[in-house]
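Below you'll find the structure, written out as structure tokens, and then a few comments.
Residue numbers (this note's numbering): 13 to 237.
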């Protein structure tokens, strides 16, 4: 039985002998790659033709990788937007003026990053988290940020005054309320420009620490009941 692709064989063989790739011939004639491979099994290409095809294969591989990266990034962006939209819908259902909700959120943050065996303090490297913690203390317990003490934990290669200024501006706290401590070990690698150390916020006393820890642990227990 004659293959339905037989009428394209002479054209395909000629193209192959001229050094065309199987992919290009497949795209041009529409003949399946499996059929073309059978037609071409006895055709020997010159070293120059083989070298040209290899270069084209590498070029095609690079293009495919670029397309793959773009597709991956596009899909990642879609997932990010979906997650943000879902989170926004949750936020729309929350009464942000409800202090009980705020205190619960604060207690859960404290359970993760706060001190458990000393007067209330919390450490974090993200100014957003630090500012949220301070703002929550102001709203819930009338503790002014001017009353709080801030201790910066820095790497050995970081400039002290620069980092104090950075944190003072980002959390709107008095420079005089800052102290610093440095890792005495010499950094094996230079600190990333985006890393500004860890800020420890102290203030509120033992009573506040006990309240927040008890609230967060009790909430977790109720969820697990």
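For every residue, glycine included, the Cβ atom is placed at its ideal position computed from N, Cα and C.
- Straight-line measurement puts the Cα of residue 218 at about 32 Å from the Cα of residue 103.
- Here the alpha carbon of residue 210 sits roughly 17 Å from the alpha carbon of residue 198.
- Contact between the stretch 188-206 and the stretch 150-169 is present, with at least three C-beta pairs closer than 8 Å.
- Between residue 177 and the set 139, 86 and 145, the nearest pair of CA atoms involves 139.
- Around the C-beta of residue 80, fewer than 16 other C-beta atoms lie within 10 Å, and the residue is accordingly described as exposed.
- In terms of Cβ geometry, residue 190 and residue 149 do not form a close pair [threshold 9 Å].
- Within 10 angstroms of the beta-carbon of residue 183 lie 16 or more other beta-carbons, which makes it buried.
- In this structure, DSSP gives residue 166 an extended state, which the three-state scheme calls strand.
- Within the model, the alpha-carbon separation for residue 205 versus residue 97 is close to 31 Å.
- Around the beta carbon of residue 106, a 10 Å sphere encloses fewer than 16 other beta carbons of the protein chains shown; the residue is thus reported as exposed.
- For residue 76, the uninterrupted alpha helix (DSSP H) segment begins and ends at 59-104.
- If you draw a straight line from the Cα of residue 117 to the Cα of residue 156, it is about 19 Å long.
- The Cβ-Cβ distance between residue 110 and residue 125 does not fall below 9 Å.
- DSSP, read as helix, strand or coil, puts residue 161 in strand.
- With a 10 Å radius around the Cβ and a threshold of 16 neighbouring Cβ atoms, residue 45 comes out exposed.
- Around the Cβ of residue 221, a 10 Å sphere holds 16 or more other Cβ atoms; the residue is buried.
- Straight across, the Cα-Cα distance linking residue 22 with residue 60 is about 23 Å.
- At the C-beta level, residue 18 and residue 34 stay beyond 9 Å of one another.
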